[in-house]
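Chains as they are written, first to last, in the working numbering: chain R, -10 to 506; chain X, 4 to 106.
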């Protein structure tokens, strides 16, 4: 199974799938690659000794995987190529049309369909695997509504990358949101995994592989956001604290989950103590028009309050954010930018590449199609090629063009965001090693320089709409960005050195998922 | 950054195959000690002087762990600019840098 993704993070979905298959006796090699690695290198690492080659497909890797598949098939025409993942599931017809060398496209959650395929069961009338020879009358996505299998000990052991990270599912595979940009419909029936089972899983992986970083990959760890669900995570944190281990956790939540009340403050406090470094919030916008368009339950005040609450408890907020959509106006763009900069959101892609992607069959797709907003260039590879209907449309199109021209293909900005990863990393180290606080002043100074630079440059774009200024001063901005990053790397290296020296006999830093290069 | 890489390679070039400060035996000894340290830190065997850290999947944190152990072993202190794999991409580059710092 092969993953080629933008960042050096592992691909949690394909890892889980590999773990499931291994647990069921299938001999699976798991190979992780990232965008910086060439096709030749990837092909040399993959080799040609497998029966099946399964790729996790996304919009960003489909073209290069097409080229890799050609080489695999040239070497062994009988090898079978499998595509999977949410993007391939949504656009299986288009992908099969454009890449005829693919033999199977697994639709939806891959665990059960992959076992079906590998077991050699008939595919005729099986709706969860697309093949050109399958004459099914209809296709649909398989949903793991209930995760009822036991953990696989080798879930996330890859063959070529040493990444000591593990992901946990805390309940069945559901989503209680109904965002209009989403086209993945999941069950809303919640069945929780017992806390003791989750803690056992953590202990097992920590003991077996030294794993200390755990991702909760539930859409929202706190579903459905009521007191029972929160108390459940509180109990989980109590159990984790009893372990007395230096652990790190990451999870997602809604921007409406946390309120500034006694019980939520207590929850966030114990989450921090237990090891939660970062919580991902589906904030998505900083103006109520966009939030209503996306059918988000959160409003701007919820967004601000959630960020404040997390930071108050030293938990780093990571956010989902969409700046541009067909209904954007200069006013919504300005509000979005002002929110990002005021809230000190580090991720530069939110400032440069946060275009709504309209996926087929999502409520927003149906709306945009009905209103004839999907442009001539709109297709499955160009999901952000829609029209803008605001009376400022010309200006917005100029801004969009400028951002794509300067930032989209720039390696400098394509690399995973430095500051947000580093902030999470530093936060996590500080919890267990207070001696690192000596770096706080330098850290804060560098961070302020970073935001000063972002504010100087992007306020000209989003507030003054002065594209010419941004074009003229791009090189200066880039230089400031690069210099800041260099200083950040140096600081990071010194922090890690001090941490290693502080805990010479411990090994917790070697399991960090943070890879800045 | 490229200039700094040149510093290491220039020193190597100026002094022929290896630096003047060290005899071939001394250089070989340093190299063997470096390989021993790196092998221990990274839990890897069969490392050669031309092994690239990137090729053996050394990430930035593992690299710094290596640097810490080498600093302790040789009583040197790495400059901030040389705390990245990009600056010291191979074991032989590491050996050259150590020789430079010890000279």
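Quick reminder that beta carbons are idealized off the backbone N, C-alpha and C, glycines included.
Item                                                                                                                                                                                          : Value
Taking all protein chains shown into account, do 16 or more other C-beta atoms lie within 10 angstroms of the C-beta of residue 339 (chain R), making it buried, or fewer, making it exposed? : buried
Residues of chain X with CB under 7 Å from residue 478 (chain R), in chain order?                                                                                                             : 87
Work out the CA separation of residue 102 (chain X) and residue 22 (chain X) for me, nearest whole Å.                                                                                         : Low confidence applies to residue 22 (chain X): its pLDDT is 48, below 50, so where it sits in the model is not reliable enough to give any reading.
Compute the beta-carbon to beta-carbon distance between residue 237 (chain R) and residue 271 (chain R), rounded to the nearest angstrom, for a pair I have assumed lies under 8 Å.           : Incorrect: roughly 21 Å between the Cβ atoms, too far for contact.
Exposed or buried, residue 408 (chain R), counting other C-beta atoms within 10 Å across all chains shown (16 or more means buried)?                                                          : buried
What are the start and end residues of the alpha helix (DSSP H) that includes residue 60 (chain R)?                                                                                           : 51 to 64
Could you say if the region 374 to 385 of chain R and the region 480 to 487 of chain R meet the contact criterion of at least three C-beta pairs nearer than 8 Å?                             : no
Quick check for students: name the residue ranges of the beta strand (DSSP E) that lie wholly in the region 90 to 132 of chain R, counting only runs of 3 or more.                            : 93 to 95
With DSSP collapsed to three states, give me the class of residue 69 (chain X).                                                                                                               : helix
How about residue 71 (chain X): is its C-beta nearer than 7 Å to some C-beta of chain R?                                                                                                      : yes
If you reduce the DSSP assignment to three classes, tell me which class residue 43 (chain X) lands in.                                                                                        : helix
Any C-beta of chain X sitting closer than 7 Å to the C-beta of residue 486 (chain R)?                                                                                                         : yes
Suppose contacts are defined by Cβ-Cβ distances below 7 Å. Is residue 44 (chain X) in contact with residue 76 (chain X) by that definition?                                                   : no
Looking at the structure shown, is residue 291 (chain R) part of a helix, part of a strand, or coil, going by DSSP?                                                                           : helix
The alpha helix (DSSP H) that contains residue 478 (chain R), what's its start and end?                                                                                                       : 463 to 491
Determine the chain X residues that contact residue 482 (chain R) at a beta-carbon separation under 8 Å, and present them in chain order.                                                     : 63, 67, 83, 86, 87
In terms of alpha-carbon separation, which member of R:444, R:434, R:250, R:428 lies closest to residue 331 (chain R)?                                                                        : R:444
If you draw a straight line from the alpha carbon of residue 556 (chain R) to that of residue 189 (chain R), how long is it in whole angstroms?                                               : Residue 556 (chain R) falls outside the range modelled here, since chain R spans only -10 to 506, and no answer is possible.
To the nearest angstrom, how far is it from the Cα of residue 8 (chain R) to the Cα of residue 17 (chain R)?                                                                                  : 9 Å
Across the region 459 to 474 of chain R and the region 360 to 373 of chain R, are there enough close Cβ pairs to call them in contact, namely three or more that are closer than 8 Å?         : no
What do you get for residue 400 (chain R), buried or exposed, if any count of 16 or more other CB atoms within 10 angstroms of its CB means buried?                                           : exposed
Can you tell me where the alpha helix (DSSP H) holding residue 263 (chain R) begins and where it ends?                                                                                        : 251 to 263
Assuming residue 340 (chain R) is part of the alpha helix (DSSP H), what are its boundary residues?                                                                                           : 338 to 341
Assuming residue 212 (chain R) and residue 163 (chain R) form a contact by the criterion Cβ under 8 Å, report the distance between their Cβ atoms to the nearest whole angstrom.              : 7 Å
Hey, residue 292 (chain R) and residue 312 (chain R) are a contact pair by Cβ (cut 8 Å); roughly how many whole angstroms apart?                                                              : No, residue 292 (chain R) and residue 312 (chain R) are not in contact; Cβ-Cβ is about 14 Å, not under 8 Å.
Quick check on the burial criterion: 16 or more other C-beta atoms within 10 angstroms. Buried or exposed for residue 240 (chain R)?                                                          : buried
Alpha carbon to alpha carbon, how far is residue 243 (chain R) from residue 36 (chain X)?                                                                                                     : 53 Å
Have a look at residue 436 (chain R) and residue 111 (chain R) and give me their C-alpha separation to the nearest angstrom.                                                                  : 57 Å
Quick one: grab the DSSP three-state call for residue 178 (chain R).                                                                                                                          : coil
Is the beta carbon of residue 328 (chain R) less than 7 Å from the beta carbon of residue 275 (chain R)?                                                                                      : yes
State the Cα-Cα distance for the pair residue 119 (chain R) and residue 202 (chain R), rounded to the nearest angstrom.                                                                       : 36 Å
For residue 173 (chain R), which of R:192, R:129, R:206, R:195 has the nearest alpha-carbon?                                                                                                  : R:129
Check each candidate in R:171, R:167, R:187, R:168 and name the one with the smallest Cα separation from residue 160 (chain R).                                                               : R:187
What's the C-alpha gap between residue 88 (chain X) and residue 63 (chain X)?                                                                                                                 : 7 Å
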